[in-house]
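**Student:**
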Amino acid sequence: MTIKNTTLSFFLLLSIHLFSQKATENKAFEKIDAKLSYLDSIKNSFVEYDLASCVDSLWMNEMTNLDLYNDLTEDIENINIDEKVDYELPTALLKERLAAMNAKSPFNIAYNQGLENIIKSFLKYRKKSFERLMATSEYYFPMFEEALAKQNIPLEIKYLAVVESALNPKAVSKMGATGLWQFMYQTGKQYGLKIDSYVDERSDPLKATEAAAQYMTNMYKIFGDWDLVLASYNSGPGNVSKAIRRSGGQQNYWNIRKNLPRETQGYVPAFLATMYLYEYHKEHGIVPQRATIKHFTTDTILIKKQITFKQISDLLDVPVVQLQVLNPSYKLDIIPFYHDQNHYLRLPQEKIAVFASNEGPIYAYTEYESSKREKPYFATKTTPKKEREDTGNQRIAQSQTTQYYKVKKGDNLGAIASKYNVSIADLRQWNALSSNVIAYGKNLKISSNEAVVSNEVIKNSDPIQALSEKQVAASLEANAAVASTESKAYYIVQKGDNLERIAKKFGTSPSTLKQWNKISGQTIILGSSLIVAKEEPVINTNKATISYFNKKINGSGLSQKETVDYYVKKGDSLYSISKKYPGVTISDLKKWNGIRGEVLKPGMKLKING
Numbered sequence: 001m002t003i004k005n006t007t008l009s010f011f012l013l014l015s016i017h018l019f020s021q022k023a024t025e026n027k028a029f030e031k032i033d034a035k036l037s038y039l040d041s042i043k044n045s046f047v048e049y050d051l052a053s054c055v056d057s058l059w060m061n062e063m064t065n066l067d068l069y070n071d072l073t074e075d076i077e078n079i080n081i082d083e084k085v086d087y088e089l090p091t092a093l094l095k096e097r098l099a100a101m102n103a104k105s106p107f108n109i110a111y112n113q114g115l116e117n118i119i120k121s122f123l124k125y126r127k128k129s130f131e132r133l134m135a136t137s138e139y140y141f142p143m144f145e146e147a148l149a150k151q152n153i154p155l156e157i158k159y160l161a162v163v164e165s166a167l168n169p170k171a172v173s174k175m176g177a178t179g180l181w182q183f184m185y186q187t188g189k190q191y192g193l194k195i196d197s198y199v200d201e202r203s204d205p206l207k208a209t210e211a212a213a214q215y216m217t218n219m220y221k222i223f224g225d226w227d228l229v230l231a232s233y234n235s236g237p238g239n240v241s242k243a244i245r246r247s248g249g250q251q252n253y254w255n256i257r258k259n260l261p262r263e264t265q266g267y268v269p270a271f272l273a274t275m276y277l278y279e280y281h282k283e284h285g286i287v288p289q290r291a292t293i294k295h296f297t298t299d300t301i302l303i304k305k306q307i308t309f310k311q312i313s314d315l316l317d318v319p320v321v322q323l324q325v326l327n328p329s330y331k332l333d334i335i336p337f338y339h340d341q342n343h344y345l346r347l348p349q350e351k352i353a354v355f356a357s358n359e360g361p362i363y364a365y366t367e368y369e370s371s372k373r374e375k376p377y378f379a380t381k382t383t384p385k386k387e388r389e390d391t392g393n394q395r396i397a398q399s400q401t402t403q404y405y406k407v408k409k410g411d412n413l414g415a416i417a418s419k420y421n422v423s424i425a426d427l428r429q430w431n432a433l434s435s436n437v438i439a440y441g442k443n444l445k446i447s448s449n450e451a452v453v454s455n456e457v458i459k460n461s462d463p464i465q466a467l468s469e470k471q472v473a474a475s476l477e478a479n480a481a482v483a484s485t486e487s488k489a490y491y492i493v494q495k496g497d498n499l500e501r502i503a504k505k506f507g508t509s510p511s512t513l514k515q516w517n518k519i520s521g522q523t524i525i526l527g528s529s530l531i532v533a534k535e536e537p538v539i540n541t542n543k544a545t546i547s548y549f550n551k552k553i554n555g556s557g558l559s560q561k562e563t564v565d566y567y568v569k570k571g572d573s574l575y576s577i578s579k580k581y582p583g584v585t586i587s588d589l590k591k592w593n594g595i596r597g598e599v600l601k602p603g604m605k606l607k608i609n610g
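Residue numbering for the sequence shown follows full-length UniProt numbering, starting at 1 and increasing by one per position.
#1: What is the DSSP secondary structure of residue 613, counted as helix, strand or coil?
#2: Output the boundary residues of the alpha helix (DSSP H) element that contains D588.
#3: What did DSSP end up calling I307 once you bin it into helix, strand or coil?
#4: Once the 5 residues before and after A243 are set aside, which same chain residues still bring their CB inside 7 Å of it?
#5: Kindly list the residues whose CB is nearer than 7 Å to the CB of I293, restricted to its own chain and excluding five residues on each side of it in sequence; keep chain order.
#6: Measuring only the C-alpha atoms, how far is V172 from V163?
#7: Under 8 Å: do the segment 284-302 and the segment 150-158 share three or more Cβ pairs, one atom per stretch?
#8: Alpha carbon to alpha carbon, what distance is there between Y567 and T508?
#9: Need the endpoints of the alpha helix (DSSP H) that N609 sits in, please.
#10: Between which two residues does the beta strand (DSSP E) holding Y567 run?
#11: Tell me the start and end of each unbroken beta strand (DSSP E) in the segment 255-337 that is at least 3 residues and wholly inside, in chain order.
#12: Below 8 Å CB to CB, which residues in the same chain sit around P142 once its five sequence neighbours on both sides are set aside?
#13: Confirm the yes/no value for this check: CB of D67, any heavy atom of the ligand SAM, distance under 7 Å.
#14: Where does N517 sit, in a helix, a strand or coil, going by DSSP?
#15: What separation, rounded to the nearest whole angstrom, lies between the Cα atoms of R202 and R132?
#16: What residues match up with A213 in a beta bridge as DSSP calls it?
#17: Measure from the alpha carbon of L326 to the alpha carbon of each residue in A135, P205, A417 and T264, then state which is nearest.
#18: What's the gap between the Cα of G266 and the Cα of N117?
#19: Go through its chain and collect everything with a Cβ distance to E304's Cβ below 8 Å, but skip five positions before and after it.
#20: Pick helix, strand or coil for F107, following the three-state DSSP scheme.
#21: Could you tell me whether the Cβ atoms of residue 636 and L600 are closer together than 8 Å?
#22: Are the Cβ atoms of Q429 and Y365 separated by less than 8 Å?
#23: Can you tell me which of P361, L499, R373 and W254 puts its alpha carbon nearest to the alpha carbon of D82?
#24: Cα separation between L345 and I301?
#25: Quick check on DSSP: helix, strand or coil for P384?
#26: For K570, does the count of other Cβ atoms within 10 angstroms reach 16, so buried, or fall short, so exposed?
#27: Tell me, to the nearest whole angstrom, how far the beta carbon of A212 is from that of T264; I am working on the premise that it is less than 8 Å.
#28: Taking Cβ to Cβ, would you say S587 is nearer than 8 Å to G414?
#29: Report yes if the CB atom of L277 is closer than 8 Å to the CB atom of F107, and no otherwise.
#30: Give me the residue from M604, E74 and Y330 with the minimum Cα distance to K174.
#31: From the DSSP output, in three-state form, read off K495 for me.
#32: When DSSP builds the beta bridges, which residues end up paired with D225?
#33: Rank R262, V318 and Y69 by C-alpha distance to the C-alpha of E350 and give the top, closest one.
#34: Measure the beta-carbon distance from T136 to A273 and round it to whole angstroms, keeping in mind my assumption that it falls under 8 Å.
#35: Report the option in V240, S247, S447 and V437 whose CA atom is closest to the CA atom of Y405.
#36: Ends of the alpha helix (DSSP H) at P237?
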């Protein structure tokens, strides 16, 4: 007994060590947290409802598959309803069933050999197709019936969508007819269906059905016969009217059928045959496949910001293909947001509850996704500001102001440029002038620089009044001179311009223009911006400082006037030379050197005074 107790105690001690080690391992494992993505964190915050949505992927594929549409369309276009089909269906039985259908319908469902042939053809070759179509119709027919009943249209019209599109809202015919009811673009617009880059309401089951019902109502007012309404829906009212006239005024579809377009000759029989197969599918062994989602198990919600199907799928765990089936009118798998129009998202009811309860996080996620997209880059031309700092950390900078000058009688660009100390090229560029001619009374835009010192604005016309002697002296001590950045003048190419003409206009050469603008040939593009004057960096001083300094020099008896000779280099212009000498204008250069035009020749000697 003692041995047993000792042995048991020994095993317990071992077990305690093992369990404690396991517990430690588990505890360590629990501390490792997987890094959550932003999407996961959003979804984890959702208020969930304990409802499940079982989506049959095969059925969803069925709803988007176009093979049924292609097969049925080909049948209706090419079938010869006058050709007999070998299929076991007694004619007497068929007549009996058609009579029973006729008693319950406003359509003229009377037996004839052509109708028997097309019914037998569908039974022989399209049984499996109708089994698939009947599953899809479980989703669409309830909404069709609701829209048709509102406008007092026979509910049997719902079978027409089977003939038109094989119940595929994405079906598009060779002629461009689109959607469940195959509206052409202009007809869709005529009946109020919105069509743009994001949305095509011809594919919207509810709105397209309402438009189709309205069309049927209008046609019935014209023909007063539902068979003829169907014929007009397919071929247009004009063709039906022609067929009536060519048939001697007869107005029964079967009597005018031979005078209708070939496709329409099989159209109404195909509609009646479809109605027969739906009514008597059990009797012919057609076993409908079942729809996983019914129309009444879905609902809609108003969208308040643009959202994509991919984002909805990620957030709500709804397959994109299901969203496409439920929302077929959105062409790019994007639900847009317009300020003047509402757009709705259709979802299974339990997902609508999740969406409605978590709109804030959902739209926050869409904004986050949008912010990750690459933004367009806009390159802008900026004029470098000339800045100086004095010993008191004050700053002298250049800023631009714009003013306007009204052209007076006798004015010209040269005189105005001289008055405001700007170049003719600048005036033309600022005012988009193609020549030097200006109209009397025109307002010219003029940009001028201002010096800013320690939050004080000093106009170029009289800087001394705003700058104290102490401020200027400090500026001179801190920075006796400032290197100006390279400046350029631009010209917008006008109609009829060429390099030689532009070069002559701005006193330079075509080869220099080509070099400045990196042009290899002789071609220049209309509307493009060309560099027509270019100033290399030179040592310059602030204009306000110079003005003050000159006055102080004059006050001490020194001469301000000093003449310098300047020899024109290749590529020089009056504008570029004036910029090299502070306080010198184009009109000064012309006056001192007796120049009338704008043209300078390399090697020419110019006098610079002051």
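All C-beta atoms in this analysis are idealised placements derived from N, C-alpha and C, irrespective of residue type, glycine included.
**Tutor:** In short:
#1: Nothing can be reported for residue 613: it is not among the residues displayed for the chain, which extend from 1 to 610.
#2: Looking at the DSSP string, the run of the alpha helix (DSSP H) that includes D588 is I586 to N593.
#3: I307: strand per DSSP, three-state reduction.
#4: Excluding positions up to five away in sequence, the list reads I256, N259 and L260.
#5: Contacts found: Y139 and P348.
#6: The alpha-carbon separation between V172 and V163 amounts to approximately 13 Å.
#7: The segment 284-302 is not in contact with the segment 150-158.
#8: For T508 and Y567, the distance between alpha carbons rounds to 15 Å.
#9: Looking at the DSSP string, N609 is not in any alpha helix (DSSP H); the run it does join, the beta strand (DSSP E), is K605 to N609.
#10: Note, Y567: beta strand (DSSP E), T563 to Y567.
#11: 298-302, all fully within the segment 255-337.
#12: The residues are K294, H295 and F296.
#13: In the structure shown, the ligand SAM is absent, as is every other ligand, since no ligand is present at all.
#14: DSSP, reduced to helix, strand and coil, places N517 within a helical segment of the structure shown.
#15: For R202 and R132, the distance between alpha carbons rounds to 23 Å.
#16: DSSP links A213 through a beta bridge to no other residue.
#17: When each option's Cα is compared against that of L326, the closest is P205.
#18: Taking the straight line joining both Cα atoms gives about 11 Å.
#19: In the sequence as displayed, the identity of residue 304 is Lys instead of Glu. Cβ within range, chain order: F337, E359 and Y363.
#20: Looking at F107 - three-state DSSP - the assignment turns out to be coil, as it is neither helix nor strand.
#21: Residue numbering for the chain in the displayed model covers 1 to 610; residue 636 lies beyond these limits and cannot be assessed.
#22: Cβ atoms of Q429 and Y365: not closer than 8 Å.
#23: Checked all of P361, L499, R373 and W254; the closest Cα to D82 is W254.
#24: Approximately 5 Å between the Cα atoms of the pair.
#25: At P384, the pLDDT of 46 sits below 50, so the modelled position is not reliable and the matter cannot be decided from this model.
#26: Label assigned to K570: exposed.
#27: Between A212 and T264 a beta carbon distance of about 17 Å is seen, past the 8 Å cut, so the two are scored as non-contacting.
#28: Yes, the pair counts as a contact, with Cβ atoms nearer than the cut-off.
#29: For L277 and F107, no; Cβs fall outside 8 Å.
#30: Selected option, being the one with the closest Cα: E74.
#31: DSSP places K495 in the coil class of the three-state scheme, outside both helix and strand.
#32: None, per the DSSP bridge assignment.
#33: For the residues R262, V318 and Y69, the minimum Cα distance to E350 belongs to V318.
#34: Cβ atoms of T136 and A273 stay farther apart than 8 Å, at about 18 Å.
#35: That would be S447, whose Cα lies nearest to the Cα of Y405.
#36: Per DSSP, P237 belongs to the alpha helix (DSSP H) from P237 to R246.
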